[in-house]
Every structure is written in structure tokens, then in C-alpha cells.
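Here the sequence shown is numbered in my numbering, starting from 3 and rising by one per residue.
Just so you know, even glycine gets a beta-carbon here, dropped at the ideal spot from N, CA and C.
Quick caveat: nothing in here was measured; it's all calculated off a predicted structure.
The block underneath contains the structure these notes are about, expressed in C-alpha cells.
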Amino acid sequence: MSFDLYPAIDLRNGRCVRLVQGDYEREVRYDANPVEVAHEFAEAGTRWIHMVDLDAARTGEPQPQNRAVIRSVVAAVGDAGVHVQVGGGVRSRERAEALYEAGVARCVVGTAAIENPDLVGELTSAGHRIAVGLDVRGTDVATRGWEHQSGVSLGDALARLAGSGAEAVIVTQIAHDGMGGGSDLAGLREVLDAPQRPPAMSVIASGGVGCLADIADLRDLRSPHGHTLAGAIVGKALHDGVISPVAAVVVARGSAAVDEPDPEPGQ
């Protein structure tokens, strides 16, 4: 299985932001134009860009400015062969269809995957590509913009989705998100080997990447049963200039040493 880097662009009110550990009160705003950021990621050679409408994730309602940015990003990177996956507020078929009509390659269903798991099967049966977003705090999956604890464990969530046809599960470790201290590798090994996970449902890690070595750790991660990750979502380290998009893509593909020096912020 190949390993892909998923550079992340999180949106609030049409602007590029990051949340620390999913806390809307701990928002970091970036001045960069999201479309220009996406173009930079595309030029670096990424095959995917991961976008989240944080406003919709919290309220369930699409945010017009964010949707406009998503359409612009799809148009800007499509000619380069870059796929865009989008999550945040995808809680009905109509909202998913609107994203597909805008050119989005894959929707990420999070809250609805817990509260209305039949939606995932409905979308995949219609021929749509779906990733399930499971955001984990402690032992439970958090929903509605990470502000609610569902009371559903990660294993139970995977069991509910076993026959859904989702092609990937994105596991976000909320305690690690936006911290840059590395991912919970042991926890990811458990997800890879979880008996409830269908073999066809690949695993993408999210949260914690702070340097090139962290990307390499995820790329090389192997569970006791020999399963590996399909990719990693990286946001803060790229936006803060701690690592360059080019170096991140190269390391994700396994064709550069991990001790390559990261650029200084702003370079």
C-alpha cells in the first residue's frame, strides 16, 4: 500500500486557520490565501489535499464563504491531478452531492457516521468515494466539531461501518492535534489490527506531526499483524513553516533521508 501525504487546509469564515486540540477558543489564524496555499501544496507534488469546513463541522450548516473557497481550490489544483477531500458538516446526501458537484473527489463523513451510519452506505451505493472521520478523545469518538462525546468507542464505530463501503477511515487523535509532538503510534497500531476494521478500509492518521521524522514514523509504521497506514494528514507544521511541503511529500514517498534539515519558519 502506498503512503500519501494529505496537506490540510482548515477553514473558518473563508480563512485558513488551525485549532489547538480541536478547541474553537484556541484558534490560530493564518494570513495566507487558502487557494494560494493549495497551489503551493500542488506544486510540491502532493496527490491529495484535505480540507475541513470547521464552521459546518460545528453547526452542521455549510458556510458559504468556505464552500466558495473549496470550489476555488478544486479548480486551482485539478489540472495538476490533485484530488481534494472535504469534511465538516457532511450530514446529509444533499450536502455531500453539493461537494461532489463542486469537483470534490472524496467526502469525509464524521458526525453522521456515528449518528446516522446508514448515510455512508447510501453514498457509497450511489458510487461516491467516502472516508469516515473518527475523532478520538480518550476512548470515545467525539462529534459535532469535537464538542460532544458520542459515548461510542472507536472499535464500536468501526463495527457499525464494517459493511458501509467506506474506502478509508481517518483517525484523528484530538489530544495530539495541533501540538506537533508526534502521533500515538501504539494507538494507531491498535486501529490497524482492530478486528472490526474491514481489510478494504484503509487507515489515514491525523494529529501530532511536527517534523519530517514524524512523517517517516507514520510511513514506516507496521502493526503486529503487518498492516500499514495509507497516509497522514499534516497541517500546523506546514502552515507554520516548520517543514516544507516539498520535503514532506518526498519523505512521505520514502525517497529522502529523514534527517534532512527542516526549513526555518518563514522560509
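Selection from E96, E42, A104, D55 that minimises the alpha carbon distance to G89: D55
Collapsed DSSP secondary structure at Q87 in the structure displayed: strand
Chain-order list of residues whose beta-carbon lies under 7 Å from that of A168 (same chain, five-residue window excluded): V122, T126, I132, A133, V134, M203
E29 (DSSP reduced to helix, strand or coil): strand
Three-state secondary structure (DSSP) of G105: coil
Euclidean distance between Cα positions of A164 and P200: 6 Å
CA-to-CA distance, G243 to E266, given in whole angstroms: With a pLDDT of 47 at E266, under the threshold of 50, the predicted position of this residue should be treated as unreliable, and no value is reported.
Given M53 as reference, the closest of V205, A115, S246, V236 once Cα atoms are compared: V236
Distance CB(E117)-CB(T145) smaller than 8 Å: yes
Any beta strand (DSSP E) of 3 or more consecutive residues that is wholly inside the segment 111-152: 132-139, 142-145
Neighbour-count burial assignment, A159, 16 or more Cβ in a 10 Å radius: buried
Any C-beta of chain C under 8 Å from that of G80: You won't find chain C in this structure, because it holds only one protein chain.
Through-space distance from A254 to G80, alpha-carbon basis: 21 Å
Candidates V171, G184, P36, A249, of which the one nearest L231 by Cα: V171
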